[in-house]
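Engineer:
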Ligand SMILES: [Zn+2]
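In the working numbering, the protein residues as written are 234 to 368.
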């Protein structure tokens, strides 16, 4: 994936977490360690639909002004995953911020754990999954 010897996350391709508009990257070792653990534990390829966002890109896609994506957060495509397994594995991997979308799961490693939804439809979609996963 990369020839850079300092890149120590073999299951994470650097370009998949770079800003979609300009290729800017942000190396957050804590977040990358969690993503690497998650990919290893699932034994599946993770599709990151949004990783780091430069300030312009974050504004353009309607991201929150203080979005963790301006540092490093990951939106993981749900397609091909068992949603419950994905959430449980992400928690075990060390993620603390969870945003439950209809097509993606937002993950980050914020200091204070948080979880949120993206609209009523995502609440309905995730309710049956989350009811048996302890907060
Ligand atoms: Zn950009």
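Glycine included, every Cβ here is placed at the ideal spot set by N, Cα and C. Predicted, not measured: the structure shown is a model, and the values here were computed from it.
Please report the distance separating the alpha-carbon of residue 259 from that of residue 244.
Structural biologist: Here residue 259 refers to the residue found at position 26 of the chain shown. Here residue 244 refers to the residue found at position 11 of the chain shown. Rounded to whole angstroms, residue 259 to residue 244 spans 17 Å at the Cα level.
Engineer: Using the C-alpha atoms, what's the distance from residue 326 back to residue 343?
Structural biologist: Along the chain shown, one-based indexing puts residue 343 at 110. Along the chain shown, one-based indexing puts residue 326 at 93. Going by the C-alpha atoms only, they are around 13 Å apart.
Engineer: At which residues does the alpha helix (DSSP H) containing residue 319 begin and terminate?
Structural biologist: Taking the chain shown and counting its residues from 1, the one referred to as residue 319 is at position 86. Element bounds for residue 319: 316-326.
Engineer: For ligand 1, list every residue whose C-beta falls under 7 Å from any of its heavy atoms, going in chain order.
Structural biologist: Per the Cβ criterion, the list is 252, 253, 254, 255, 257, 286, 287, 289 and 290.
Engineer: Contact defined as beta carbons within less than 8 Å: I believe residue 290 pairs with residue 254. What is the distance between those atoms, to the nearest angstrom?
Structural biologist: The residue given as residue 290 occupies position 57 in the chain shown. The residue given as residue 254 occupies position 21 in the chain shown. At roughly 4 Å, the Cβ-Cβ gap stays under 8 Å, so residue 290 and residue 254 are in contact.
Engineer: Given a cut-off of 8 Å, decide if residue 310 and residue 336 are closer than it, judged by their beta-carbon atoms.
Structural biologist: Taking the first residue of the chain shown as 1, we reach residue 336 at position 103. Taking the first residue of the chain shown as 1, we reach residue 310 at position 77. Yes; because the gap between Cβ atoms is below 8 Å, this pair is in contact.
Engineer: Is residue 266 close to chain D, meaning its C-beta is less than 8 Å from at least one C-beta of that chain?
Structural biologist: This model lacks chain D altogether, as it is built from one protein chain only.
Engineer: Just the C-alpha distance for residue 357 and residue 346, rounded to the nearest angstrom, thanks.
Structural biologist: Within the chain shown, residue 357 is the residue found at index 124, counting from 1. Within the chain shown, residue 346 is the residue found at index 113, counting from 1. Their backbone Cα atoms lie some 22 Å apart in a straight line.
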